[in-house]
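There are 2 protein chains.
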Amino acid sequence: MEDRFEISELMDFYAPLLTEKQLNIMNMYFNDDLSLAEIAELNHTSRQAIHDSIKRCYKQLRSHEDKLRLKEKYFKRESLKENFIKNLKKNNTDNLSNELIEQINKSIEEIINI
Amino acid sequence: MEDRFEISELMDFYAPLLTEKQLNIMNMYFNDDLSLAEIAELNHTSRQAIHDSIKRCYKQLRSHEDKLRLKEKYFKRESLKENFIKNLKKNNTDNLSNELIEQINKSIEEIINI
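Right, here's the structure in full:
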């Protein structure tokens, strides 16, 4: 099956675009670690149907990322922030206190993570 | 028809989720200012079909925003940044130079706008 870590990351950004049924199946498989057979039984369907559904969800999540790039942008924002803070510490010509640098770091983190 | 300004904002965030055909129609109507009749002629269809298509796109754009809130988050980020910079200027206990504050402002702006 597809890469669990990648799917879990994509779900962080695009889960709201899945249907409730898709979301349930994805959570059972990737968060609750149920087997395809167990999920199939709970949904009164076949193991193959669940397998296909997960494959379709994965394709949808990848397609959303290709179009909107929310995951890529998130990691780019984090990396820009880290470089900015690192440079602030390195070329500290204004003699910023550690507290202030930490405050700037936290504020940017808050802006990224809303 | 729907609010042009709101649609234009929603298009900034969700245009990649529209089909190429939908995108064409929306651009003709909202950016190139063509009339429904003109768009209908160019697409070899009826004025009513174009009207319905624009209505459907608008509904889709609104639904994406309800689910992902990218527009809301963008404006929230901008407002958090402005408050942060304002407070940095107000309680300037570290005697930050104007240049440095401007640099912090620009870096956060870059992080928001990638």
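Each protein sequence line maps, in turn, to chains X and P.
Position one of the first sequence corresponds to residue 6 (the working numbering), numbered consecutively onward.
Position one of the second sequence corresponds to residue 6 (the working numbering), numbered consecutively onward.
Beta carbons are placed, not taken as given, at the ideal position from N, Cα and C, and that holds for glycine.
Values in this document were obtained by computation on a predicted structure and should not be read as measured data.
Within the same chain, show all residues whose beta-carbon is closer than 6 Å to that of residue i, passing over the 5 residues directly before and after it, in chain order.
| i | result |
| --- | --- |
| Arg67 of chain P | none |
Alpha carbon to alpha carbon, how far is residue j from residue i? Give it in angstroms, no decimals.
| i | j | result |
| --- | --- | --- |
| Asp37 of chain P | Leu22 of chain X | 30 Å |
| Tyr63 of chain P | Asp8 of chain P | 10 Å |
| Ser84 of chain X | Arg61 of chain X | 31 Å |
| Asn97 of chain X | Phe10 of chain P | 43 Å |
| Glu104 of chain X | Ile12 of chain X | 37 Å |
| Phe89 of chain P | Gln53 of chain X | 53 Å |
| Thr24 of chain X | Ile117 of chain P | 29 Å |
| Lys72 of chain X | Lys91 of chain X | 31 Å |
| Lys111 of chain P | Gln65 of chain P | 33 Å |
| Lys95 of chain P | Lys26 of chain P | 50 Å |
Verify whether the separation of the beta carbon atoms of residue i and residue j is less than 7 Å.
| i | j | result |
| --- | --- | --- |
| His56 of chain X | Tyr19 of chain X | no |
| Lys76 of chain P | Glu115 of chain P | no |
| Lys81 of chain P | Ile119 of chain X | yes |
| Ala42 of chain X | Ser51 of chain X | no |
| Lys86 of chain X | Ile113 of chain X | yes |
Whole-angstrom Cβ separation of residue i and residue j, contact assumed at under 8 Å?
| i | j | result |
| --- | --- | --- |
| Met16 of chain P | Met31 of chain P | 6 Å |
| Ile109 of chain P | Ile109 of chain X | 6 Å |
| Leu47 of chain X | Asp99 of chain P | Their Cβ separation, rounded to whole angstroms, is 58 Å, which puts Leu47 of chain X and Asp99 of chain P out of contact at 8 Å. |
With a CB to CB cut of under 7 Å and the five nearest residues on each side skipped, what residues in its chain are close to residue i?
| i | result |
| --- | --- |
| Leu39 of chain P | Met33 |
| Arg74 of chain P | none |
Starting from the C-beta of residue i, find all residues in its chain whose C-beta is less than 8 Å away, skip the five residues before and the five after it, and write them out in chain order.
| i | result |
| --- | --- |
| Phe35 of chain X | Arg9, Ile12, Ser13 and Met16 |
| Leu28 of chain P | Ala20 |
| Leu93 of chain P | Leu101, Ile106 and Ile109 |
| His49 of chain X | none |
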